[in-house]
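In terms of my numbering, the sequence shown is residues 160 to 284.
To start, the structure itself, in structure tokens.
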Amino acid sequence: MIGYAVIGSDDIDSAGKFYDPIAQLLGARRIHAFDRGIFYGVTEFELAVVTPFNGEAMRPGNGTMVALKAPSRKVVNEVHALALETGGIDEGAPGIRRREESGFYGAYFRDPEGNKLCVYRMGPA
Numbered sequence: 160m161i162g163y164a165v166i167g168s169d170d171i172d173s174a175g176k177f178y179d180p181i182a183q184l185l186g187a188r189r190i191h192a193f194d195r196g197i198f199y200g201v202t203e204f205e206l207a208v209v210t211p212f213n214g215e216a217m218r219p220g221n222g223t224m225v226a227l228k229a230p231s232r233k234v235v236n237e238v239h240a241l242a243l244e245t246g247g248i249d250e251g252a253p254g255i256r257r258r259e260e261s262g263f264y265g266a267y268f269r270d271p272e273g274n275k276l277c278v279y280r281m282g283p284a
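Below you can see the structure in the form of structure tokens.
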């Protein structure tokens, strides 16, 4: 099981402006912040946005994606719209993936620095 995920940023202040409202929609908040990063979660950190430890420029991973669980399909739609309104790039509009009976409803976007994310809800509408 995954304990938490980390994505890179070269500008923590800008990343915070992008991720703070997304975290709020998902029922999470800043758990910890320091000069190199911000950790988000509900009771403990689950997603960290940090500058690379080695001091080099951040580079999004090819084929790397973080998926964020939403409490409803409505929140999936809201997070996707908010991401695009605040500088994110659309990678797939909200909708059923695979077949309706799978119950996977997701949307995909990249943050302003190129990290790919999915926000999703499993289960019936």
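Even for Gly, the Cβ is constructed at its ideal location relative to N, Cα and C.
Keep in mind that this is a model prediction, so the values were computed, not measured.
Three-state secondary structure (DSSP) of residue i
i      : result
Tyr267 : strand
Val201 : coil
Boundaries of the beta strand (DSSP E) in which residue i is found, first to last residue
i      : result
Asp249 : 248-255
Phe193 : 188-193
Tyr279 : 275-281
Gly167 : 164-167
Ala226 : 225-228
Pairwise C-alpha distance: residue j and residue i
i      : j      : result
Asp194 : Ser231 : 33 Å
Ala242 : Phe177 : 7 Å
Gly273 : Ile161 : 22 Å
Thr245 : Pro271 : 8 Å
Gln183 : Asn213 : 30 Å
Pro253 : His239 : 7 Å
Glu237 : Phe263 : 16 Å
Gly282 : Ile166 : 27 Å
Tyr279 : Gly251 : 12 Å
Arg257 : Ile171 : 35 Å
Asp179 : Thr202 : 16 Å
Residue j beta carbon less than 9 Å from that of residue i
i      : j      : result
Val209 : Lys275 : no
Lys228 : Leu185 : yes
Met217 : Ser168 : yes
Phe204 : Ile181 : no
N-terminal and C-terminal residue of the alpha helix (DSSP H) that residue i is part of
i      : result
Leu243 : 232-244
Leu184 : 171-184
Supposed contact pair residue j and residue i - C-beta distance, whole angstroms, cut 8 Å
i      : j      : result
Phe268 : Ile248 : 6 Å
Ala266 : Leu206 : Between Leu206 and Ala266 the Cβ distance is about 17 Å, and since that is not below 8 Å, they are no contact.
Ile197 : Gly175 : 5 Å
Gly200 : Ala187 : 6 Å
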